[in-house]
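S.K.: For reference, the structure I am asking about is given below.
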Amino acid sequence: MPANNQSSQNVLVESYPEKISEVSVIDTENKDFLKKKQTDPFANYLLNTEVEIILPRYKKPNVTRNLINALELSIYKKEIKKISLNINSYIDIKELEKLLIEKAKPGKIFIGTLTPESSKIVKNYCYKGILFFSFAPDKSLADECVYLINFFPEDDLIALFNHFPEGSRIALLFPENAYGYYINYIIDPIADESSSLIVNRASYKEDLTNAREAIKELSKYELRKYELNRQKKILEKKDDVISKKALKKIEKFETIGEVDFTHLILPDYSIRLLEIAPLLPFYDVDPNKVKFVGTGVWDDKIFFDEPSLQGAIFSGIDEVNRLTFLNDYEKIYQEKPIRTATLPYDLLGIVSYIINQKMTIAQAYDLLDNSQIKFDGIDGKFSFVENVIFRELDILKIAKGSAIKLN
Numbered sequence: 008m009p010a011n012n013q014s015s016q017n018v019l020v021e022s023y024p025e026k027i028s029e030v031s032v033i034d035t036e037n038k039d040f041l042k043k044k045q046t047d048p049f050a051n052y053l054l055n056t057e058v059e060i061i062l063p064r065y066k067k068p069n070v071t072r073n074l075i076n077a078l079e080l081s082i083y084k085k086e087i088k089k090i091s092l093n094i095n096s097y098i099d100i101k102e103l104e105k106l107l108i109e110k111a112k113p114g115k116i117f118i119g120t121l122t123p124e125s126s127k128i129v130k131n132y133c134y135k136g137i138l139f140f141s142f143a144p145d146k147s148l149a150d151e152c153v154y155l156i157n158f159f160p161e162d163d164l165i166a167l168f169n170h171f172p173e174g175s176r177i178a179l180l181f182p183e184n185a186y187g188y189y190i191n192y193i194i195d196p197i198a199d200e201s202s203s204l205i206v207n208r209a210s211y212k213e214d215l216t217n218a219r220e221a222i223k224e225l226s227k228y229e230l231r232k233y234e235l236n237r238q239k240k241i242l243e244k245k246d247d248v249i250s251k252k253a254l255k256k257i258e259k260f261e262t263i264g265e266v267d268f269t270h271l272i273l274p275d276y277s278i279r280l281l282e283i284a285p286l287l288p289f290y291d292v293d294p295n296k297v298k299f300v301g302t303g304v305w306d307d308k309i310f311f312d313e314p315s316l317q318g319a320i321f322s323g324i325d326e327v328n329r330l331t332f333l334n335d336y337e338k339i340y341q342e343k344p345i346r347t348a349t350l351p352y353d354l355l356g357i358v359s360y361i362i363n364q365k366m367t368i369a370q371a372y373d374l375l376d377n378s379q380i381k382f383d384g385i386d387g388k389f390s391f392v393e394n395v396i397f398r399e400l401d402i403l404k405i406a407k408g409s410a411i412k413l414n
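Right, here's the structure in full:
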């Protein structure tokens with residue numbers, strides 16, 4: 008049945024569309040994938056035991072190397088039989104098309120392509136009766152024979168909003184880059200399906216030049232500071248003991264009053280996260296009163312010792328699930344794998360199952376299109392919903408250099 012696997016550093020966030028207009032979120036009500044599958048006249052063709060790997064040669068050489076290594080490791084560790092991998096590389100779209108013209112035959116399984124541009128080309132060959140698993144991040148490309156395998160931020164946000172207590176008030180502070188814009192674009196429909204409410208949001212430039220202003224705007228810092236000064240002036244005019252004590256107390260404060268949100272989602276990573284997180288308490292966004300929240304891009308030990316992130320939560324999978332994979336990979340290839348290397352490792356388990364069960368194209372579609380079927384992977388259970396991987400994520404809490412699973 009579905010693959011049972013064992014198995015990690017940055018998500019390929021640079022792949023997300025730079026502009027909102029380029030982003031496409033799947034409409035689950037209006038898109039009927041089953042009707043659009045072009046299986047005839049190849050529905051009864053058996054899937055080929057030779058799997059074609061198609062990845063860029065020069066554009067992302069480190070990514071390509073890691074993905075191929077992970078596929079190789081998957082065959083070795085899972086003792087996969089009756090399957091062979093043909094490694095193909097391309098320099099540009101023209102070479103990719105040449106490969107597809109040559110290789111696309113009924114029953115062929117393909118794994119590869121990283122970008123929306125290359126995956127758009129793949130869709131043109133679905134009529135030939137192929138099955139294609141792509142690592143592209145644009146969900147609009149999931150259709151017909153193309154299944155998308157990636158770490159999609161929608162899964163992170165769904166897990167987080169399912170975790171938030173009822174009536175939570177959420178603020179979003181996001182970087183003005185591809186990943187940040189994407190989060191801002193997809194968060195509203197997910198929040199609308201939850202019992203939480205988004206009450207405020209702000210953004211900051213990648214170079215952080217306006218980060219302080221963004222935080223002040225989000226937390227209504229100037230308004231709260233004005234209110235503090237107003238109350239000081241009132242108390243200064245009074246001469247009673249209680250007023251004097253109150254004045255002495257509030258003189259220690261930068262602002263007065265609470266922020267209007269219970270949780271702050273901060274979908275950033277790299278050195279920026281380590282620079283912006285400490286600014287939040289400085290401008291009276293108190294991590295003891297407001298829960299700081301991250302997405303899967305926080306899944307890096309470099310963040311777990313940051314004082315302002317202690318007690319913060321993020322969506323992901325406990326690292327213990329992939330320790331075996333990490334250790335095996337480093338031992339064999341003498342380097343740490345990129346975070347997305349777990350994807351092809353898990354994927355090959357499904358491909359192996361399909362081939363070893365001697366499935367036809369139609370049977371493979373039936374398996375993959377049944378969202379009730381859950382596959383076990385290094386990064387938790389997953390299924391396919393309208394040709395897009397959906398991962399069931401846990402909530403992890405940062406504490407003293409570690410990330411501890413909560414649910």
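Residue numbers for the sequence shown, in the numbering used here: 8 to 414. Yeah, the Cβ is synthetic: ideal placement off N, Cα and C, and Gly gets one too.
(1) Alpha carbon to alpha carbon, how far is Gly-387 from Lys-412? Give it in angstroms, no decimals.
(2) Closest to Ser-126 by C-alpha separation, out of Ile-137, Gly-136, Asp-145, would be which residue?
(3) DSSP three-state call for Ser-203: helix, strand or coil?
(4) Looking at Ile-60 and Gly-119, is the spacing between their C-beta atoms short of 8 Å?
(5) Could you tell me whether the region 341–355 touches the region 155–173, using the rule of 3 or more Cβ pairs below 8 Å?
(6) Measuring alpha carbon to alpha carbon, tell me which residue in His-170, Lys-89, Phe-391 is nearest Ser-202.
(7) Return helix, strand or coil for Ile-108, following the three-state DSSP convention.
(8) Taking the straight line between their C-alpha atoms, what separation do you get for Met-8 and Val-206?
(9) If you reduce the DSSP assignment to three classes, tell me which class Asp-318 lands in.
(10) When burial is assigned at 16 or more other CB atoms within 10 Å of the CB, is Ser-409 buried or exposed?
(11) Buried or exposed, going by whether 16 or more other CB atoms sit within 10 Å of the CB of Arg-398?
(12) Can you tell me whether DSSP reads Asp-247 as helix, strand or coil?
(13) Among the residues of its own chain, which have a CB less than 6 Å from the CB of Ile-283, if the five just before and after it don't count?
(14) Could you round the C-beta distance between Pro-344 and Ala-77 to whole angstroms and report it? I think they count as a contact, below 8 Å.
(15) Following the continuous alpha helix (DSSP H) through Asp-335, name the residue where it begins and the one where it ends.
(16) If I follow the unbroken alpha helix (DSSP H) through Gly-356, where does it start and stop?
(17) Since Ser-175 and His-270 are thought to touch, with beta carbons under 8 Å apart, how far apart are those beta carbons, to the nearest angstrom?
(18) Assuming Ile-137 contacts Glu-104 (C-beta within less than 8 Å), just tell me the rounded distance between them.
(19) Cα separation between Ala-369 and Asp-376?
(20) At which residue ranges does the region 156–224 contain complete beta strand (DSSP E) runs of 3 or more residues, listed in the order of the chain?
(21) Would you grab the beta carbon distance between Val-297 and Phe-321 for me? Rounded to a whole angstrom, and I think it's under 8 Å.
(22) Specify the secondary structure class of Thr-308 as computed by DSSP and reduced to three states.
(23) Is the distance from the Cβ of Ser-390 to the Cβ of Ile-402 below 8 Å?
(24) Whole-angstrom Cβ separation of Val-153 and Lys-130, contact assumed at under 8 Å?
M.R.: According to the structure data:
(1) The C-alpha of Lys-412 lies about 13 Å from the C-alpha of Gly-387.
(2) Ser-126 has its Cα closest to that of Asp-145, out of Ile-137, Gly-136, Asp-145.
(3) In this structure, Ser-203 counts as coil in the three-state DSSP scheme.
(4) A contact, by the Cβ cut-off of 8 Å.
(5) With a cut-off of 8 Å on Cβ pairs, the region 341–355 is in contact with the region 155–173, counting three or more such pairs.
(6) The candidate whose alpha carbon is nearest that of Ser-202 is His-170.
(7) If DSSP states are grouped into helix, strand and coil, Ile-108 belongs with the helices.
(8) With a pLDDT of 38 at Met-8, under the threshold of 50, the modelled position of this residue cannot be trusted; read the value that follows with caution. Cα-Cα distance, rounded: 44 Å.
(9) Asp is not the amino acid found at residue 318; the sequence shown has Gly there. DSSP places Gly-318 in the coil class of the three-state scheme, outside both helix and strand.
(10) Under this definition Ser-409 is an exposed residue.
(11) Arg-398 should be labelled buried.
(12) Of the three classes helix, strand and coil, the one that applies to Asp-247 here is coil, per DSSP.
(13) Ala-218.
(14) Indeed they touch by this definition, with Cβ atoms about 7 Å apart.
(15) For Asp-335, the enclosing alpha helix (DSSP H) stretches over residues 330–340.
(16) Where Gly-356 is concerned, the enclosing alpha helix (DSSP H) stretches over 349–363.
(17) About 6 Å separates the Cβ atoms of Ser-175 and His-270, confirming a contact at the 8 Å cut-off.
(18) Incorrect: roughly 14 Å between the Cβ atoms, too far for contact.
(19) Their Cα atoms are separated by approximately 10 Å.
(20) Entirely contained in the region 156–224, the beta strand (DSSP E) runs reaching 3 residues are, in chain order, 176–182, 204–211.
(21) Going by Cβ atoms, the distance from Val-297 to Phe-321 rounds to 15 Å, so no, they are not a contact pair.
(22) The amino acid at residue 308 is misidentified as Thr; the sequence shows Lys. In the structure shown, Lys-308 sits in a helix (DSSP, three-state: H, G or I).
(23) Not a contact, by the Cβ cut-off of 8 Å.
(24) Val-153 to Lys-130, Cβ: 6 Å. Contact.
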